[in-house]
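Chains as they are written, first to last, in the working numbering: chain C, 1 to 233; chain X, 1 to 236.
Built from N, CA and C at the ideal position, the CB exists for glycine as well.
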């Protein structure tokens, strides 16, 4: 399974129409076939970064299924929808991602909801990292062995867990690049992270924060809130 | 057919080693299959933009061929080569391109693409990337009706650019809306005129006619890159 990750720079006045195009257009149209499914529709939380940014993640079965989807958008039944969407966004930036070998699974493709019930929004911290040249494999291995396990440890500073761990596919984004979709189960640790200095034991020698600086020192976090109708929460 | 377009930000001291890996390893590794070929190896001409940037374009039979190649790079026989390429560059930005409906380049016979690294003259391409603030299809049609039709009628002795291909970004692999022209520069002295004679070329009644004015209805942002083929690039 591959994942098409898109960041949409939405026309502010068209934000409602844009979301509607995904809820009542993209999601049900994909559901008519077996090649692709919308997984997540996120809004980048206002107050935490750029305004009017939506993030969508669409699962495709494989490269051939992705190519069929591309053709439908360029010259097939999704062409009109794509053209209409061009009027609702300034631009979108996409990349195609593959799961890391230690990534949790989003489940069976056929079990992804295509007519989801509404629910409370869920917060995610999406982290995107750019390892140093030649260090991506070492970083991926360390992130699985140390970072992922630390999130699940008793007394973890952040109450969140990795729903999906991904890297960009060659030729379809920046490389090397690793993206973690991390679901927050409690807001309090996030607020503490945002409003207080990070304790020395978290950033000092021997810690993940410190030792991983040999592998990368640049990353970006986005706070994303699921739409109430997003297929996955 | 798809085209994997990659822009490499190369570590300056590693530039020769980087090019050699593409010539002696990447090109030949792809030649062992029948669904992928390196087609262009292009250096961004120094003096016209960023230093030590390389553009490579790899032709792929279809989406399955791209996925197979990507998996070879991540976990297969090209894994070690990817690691070594990775240590010779700061980063690479990739996107998958599909020919637009009017592009002269649609399908390539992959079996006919040279893979022996034989040397030839250099050529220079002007790669134009445009970002319309209108629906992408409208922009592609504008290029068809108001640019491509005009440019192909210019007689050879006056021709600056030969538009060899036009692409749009395949879904989810880059920016939308974005479209790209690969234009071979046919006359370097005419290029000199273009670069130095602003008044002439800004005149909407001359090159390329009213296109420069009409185009502003759909976009006012694009980027031209002057890309010079290596002496062994399969296509040039």
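Taking the alpha-carbon positions, what's the residue i to residue j distance?
i, j, result
"residue 39(C)", "residue 59(C)", "6 Å"
"residue 215(C)", "residue 181(C)", "20 Å"
"residue 236(X)", "residue 93(C)", "30 Å"
"residue 28(X)", "residue 234(X)", "11 Å"
"residue 19(C)", "residue 229(C)", "10 Å"
"residue 223(X)", "residue 143(C)", "38 Å"
"residue 68(X)", "residue 176(C)", "18 Å"
"residue 160(X)", "residue 187(X)", "5 Å"
"residue 154(X)", "residue 146(X)", "13 Å"
"residue 88(C)", "residue 17(C)", "7 Å"
"residue 162(C)", "residue 101(C)", "13 Å"
"residue 78(X)", "residue 135(C)", "16 Å"
"residue 148(X)", "residue 6(X)", "25 Å"
"residue 63(C)", "residue 90(X)", "27 Å"
"residue 200(X)", "residue 174(X)", "Confidence is the limiting factor: at residue 200(X) the pLDDT is only 49, short of 50, which leaves the residue's position unreliable, though a coordinate-based value still follows. So the alpha carbons of these two residues sit roughly 35 Å apart."
"residue 153(C)", "residue 164(X)", "57 Å"
"residue 202(X)", "residue 215(X)", "In this prediction, residue 202(X) scores a pLDDT of 49, lower than 50, which makes its location untrustworthy; no coordinate-derived value is stated."
"residue 125(X)", "residue 184(X)", "4 Å"
"residue 179(X)", "residue 219(X)", "11 Å"
"residue 23(C)", "residue 6(C)", "15 Å"
"residue 33(X)", "residue 52(C)", "45 Å"
"residue 50(C)", "residue 28(C)", "29 Å"
"residue 156(X)", "residue 96(X)", "32 Å"
"residue 158(C)", "residue 3(C)", "26 Å"
"residue 213(C)", "residue 25(X)", "32 Å"
Taking the alpha carbon of residue i as the point to measure from, which residue in the options has its own alpha carbon closest?
i, options, result
"residue 12(C)", "43(C), 26(C) and 138(C)", "43(C)"
"residue 151(C)", "189(C), 168(C), 64(C) and 194(C)", "189(C)"
"residue 228(X)", "88(X), 46(X) and 132(X)", "46(X)"
"residue 249(C)", "139(C), 110(C), 90(C) and 27(C)", "In the structure as shown, chain C starts at 1 and stops at 233, and residue 249(C) therefore has no counterpart that could be examined."
"residue 217(C)", "224(C), 208(C) and 223(C)", "208(C)"
"residue 15(X)", "43(X), 35(X), 32(X) and 37(X)", "43(X)"
"residue 226(C)", "155(C), 61(C) and 57(C)", "57(C)"
"residue 96(C)", "66(X), 140(X) and 87(X)", "66(X)"
"residue 18(X)", "4(X), 40(X), 88(X) and 36(X)", "88(X)"
"residue 3(X)", "192(C), 172(C) and 201(C)", "172(C)"
"residue 155(C)", "83(C), 202(C) and 47(C)", "202(C)"
By the DSSP assignment, the alpha helix (DSSP H) with residue i in it spans what residues?
i, result
"residue 206(C)", "Taken as a continuous stretch (DSSP letters only), residue 206(C) belongs to no alpha helix (DSSP H), as it is neither H nor E."
"residue 46(X)", "From DSSP, residue 46(X) is part of no alpha helix (DSSP H); its letter is neither H nor E."
"residue 75(C)", "63-75"
Taking its Cβ as the centre, do 16 or more other Cβ atoms sit within 10 Å of residue i, making it buried, or is it exposed?
i, result
"residue 192(X)", "exposed"
"residue 210(C)", "exposed"
"residue 126(C)", "buried"
"residue 196(X)", "exposed"
"residue 205(C)", "exposed"
"residue 8(X)", "buried"
"residue 100(X)", "buried"
"residue 222(C)", "buried"
"residue 63(X)", "buried"
"residue 51(X)", "exposed"
"residue 177(X)", "buried"
"residue 234(C)", "Residue 234(C) lies beyond the stretch modelled for chain C, which goes from 1 to 233, so this question has no answer here."
"residue 72(X)", "buried"
"residue 114(C)", "exposed"
"residue 127(X)", "buried"
Can the beta-carbon of residue i be found closer than 8 Å to that of residue j?
i, j, result
"residue 122(C)", "residue 183(C)", "yes"
"residue 164(C)", "residue 116(C)", "no"
"residue 98(C)", "residue 166(C)", "yes"
"residue 98(X)", "residue 170(X)", "yes"
"residue 65(C)", "residue 36(C)", "yes"
"residue 108(X)", "residue 1(X)", "yes"
"residue 93(X)", "residue 220(C)", "no"
"residue 225(X)", "residue 12(X)", "no"
"residue 85(X)", "residue 56(X)", "no"
"residue 136(X)", "residue 168(X)", "yes"
"residue 232(X)", "residue 118(X)", "yes"
"residue 224(C)", "residue 124(C)", "yes"
Tell me where the beta strand (DSSP E) around residue i begins and ends.
i, result
"residue 6(C)", "2-10"
"residue 91(C)", "89-99"
"residue 43(C)", "36-44"
"residue 4(X)", "2-10"
"residue 20(X)", "Where residue 20(X) is concerned, there is no enclosing beta strand (DSSP E), although the alpha helix (DSSP H) it sits in stretches over 15-21."
"residue 219(X)", "Note, residue 219(X): premise wrong, no beta strand (DSSP E); not H, not E."
"residue 27(C)", "It is not in any beta strand (DSSP E) - residue 27(C) instead sits in the alpha helix (DSSP H) that spans 27-31."
"residue 54(C)", "53-60"
"residue 93(X)", "89-99"
"residue 126(X)", "124-130"
"residue 163(C)", "160-168"
"residue 178(C)", "178-184"
"residue 226(C)", "219-226"
Using a Cβ cut-off of 8 Å (strictly closer), state whether residue i contacts chain B.
i, result
"residue 96(X)", "Absent from the structure is chain B; the protein chains it does hold are C and X."
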